[in-house]
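Right, one structure below, let's go through it.
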Amino acid sequence: MKIHPTAQIDPKAELGDDVEIGPGVIIAADTIVGDGTRLEPNVVLHRWTQIGRRCHIRTGAVLGGAPQDRKFRGERSYLRIGNDNEICEYVTIHRATGEDKSTIIGDGNLLMANCHVGHNCVIGSNVMMANMVGVSGHVLVEDNVVLGGIVGVHQHVRIGKLAMIGGFSKVSQDVPPFMMADGRPCKVYGLNVVGLKRAGINEATRAALRQAFTLMYRSGLNMAQALACIQEQVEPSEERDYLLKFMNQARLGYSGRQNDPKRSRE
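Position 228 of the sequence shown, counted from 1, bears residue number 332 in this note's numbering, the numbering being contiguous throughout.
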């Protein structure tokens with residue numbers, strides 16, 4: 105364990121084996137830092153922050169601060185970060201609103217400099233956020249998503265696994281899994297073929313997903329008609345069924361957001 109003499113660590117903080125704590129780091133009470141995690145200079149860990157093993161937290165990151173939410177009344181809530189995450193310079197991640205609720209970051213993620221993740225978000229694993237991505241509260245980002253630089257994500261949005269969103273995009277509605285999207289407002293424009301190949305999705309399944317994309321976005325059908333055609337015409341697979349379930353849930357959501365509590369219909 106290496107702890108710089110200028111670090112301020114509350115006695116009630118729990119530090120794992122082989123951690124490295126740099127100059128000016130502040131670690132509050134009731135925090136947990138897992139084995140082999142490294143905190144660079146001037147990192148701040150607020151109370152009830154939990155960080156897993158082998159994470160690298162770079163200079164100036166502030167983790168577990170109070171949510172920017174008018175409903176928040178100081179209740180106990182958490183930020184829970186998994187293993188093997190790279191959280192770069194000046195990233196901010198807030199803990200949740202609501203008693204015993206959590207903001208959750210999975211494993212193996214890369215959050216580049218100046219990103220922000222708001223309260224009650226759930227970020228999956230192997231997600232990459234380029235510089236200055238801003239994720240509002242209650243957002244769900246599934247596994248293996250890529251967000252380009254300066255993307256802004258509206259609260260309660262769900263971004264499906266293996267989606268890729270281009271830089272500067274304004275994401276105000278759910279983004280389907282396996283797709284590429286871009287723009288202000290963000291619109292789906294293609295299948296994330298490279299991401300699917302990297303994830304080991306076979307050629308037959310990629311072809312089926314390409315057929316599904318064409319039916320949804322290039323056929324002139326409305327979404328309900330397109331989903332019915334996918335059900336009837338596209339070869340079944342785990343990925344096809346996941347896409348269908350996602351899109352059917354999105355259709356029930358408020359303003360295209362299936363997790364928004366202001367649901368228009370059930």
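Quick reminder that beta carbons are idealized off the backbone N, C-alpha and C, glycines included.
- With fewer than 16 other CB atoms across the displayed protein chains lying within 10 angstroms of its CB, Asn-326 is exposed.
- When the five nearest sequence neighbours on each side are left out, the beta carbons in the same chain lying within less than 7 Å of the beta carbon of Tyr-346 are those of Pro-281, in order along the chain.
- Rounded to the nearest whole angstrom, the CA to CA distance from Ile-254 to Gly-222 is 15 Å.
- Contact check between the region 234-254 and the region 270-285: three or more CB pairs, one atom from each, fall below 8 Å, which counts as touching.
- Taking C-beta atoms as the reference points, Gln-154 and Leu-119 fail to come closer than 8 Å.
- Using a Cβ distance threshold of 8 Å, Asp-286 and Gly-357 do not count as a contacting pair.
- The residues Ile-125, in chain order, have a CB closer than 6 Å to that of Ile-107 in the same chain once the five nearest residues on each side in sequence are set aside.
- Looking at the DSSP output, Thr-135 shares a beta bridge with no other residue.
- In the DSSP assignment, Ile-334 falls within the alpha helix (DSSP H) that extends over 327-337.
- Here the alpha carbons of Ser-181 and Tyr-321 stand approximately 41 Å from one another.
- Gly-299 sits in a helix when the DSSP states are folded into three classes.
- The C-beta distance from Val-338 to Gln-315 rounds to 5 Å, short enough to meet the 8 Å contact threshold.
- Contact check for Glu-190 and His-160: beta-carbon distance about 5 Å, within the 8 Å limit, so the pair qualifies.
- The straight-line gap separating the alpha-carbon atoms of Thr-201 and Asn-146 is approximately 25 Å.
- Linking Val-297 to Gly-156 through their CA atoms gives a straight-line distance of about 32 Å.
- Taking a contact as a CB-CB distance under 8 Å, the pair Asn-352 and Leu-319 does not count as one, their CB atoms being some 14 Å apart.
- In the three-state reduction of the DSSP assignment, Ala-285 falls in the strand class, which pools E and B.
- Within the same chain, Cβ atoms closer than 8 Å to the Cβ of Ala-312 are found at Val-338, Glu-339, Ser-341, Glu-343, Arg-344, the five residues on either side in sequence being excluded.
- Relative to the Cα of Lys-175, the nearest Cα in the group Ile-263, Gly-140, Gly-241, Val-226 belongs to Gly-241.
- Taking 4 residues as the shortest admissible run, the region 185-240 contains no complete alpha helix (DSSP H) segment at all.
- In this structure, His-220 places its C-beta atom within 8 Å of the C-beta atom of Val-239.
- In the displayed model, Thr-110 falls within coil according to three-state DSSP, outside both helix and strand.
- If you draw a straight line from the Cα of Val-137 to the Cα of Val-237, it comes to about 25 Å.
- Spatial neighbours of Val-195 in its own chain (CB-CB distance under 6 Å, excluding positions within 5 residues in sequence) are listed in chain order as Ala-165, Leu-215, Cys-219.
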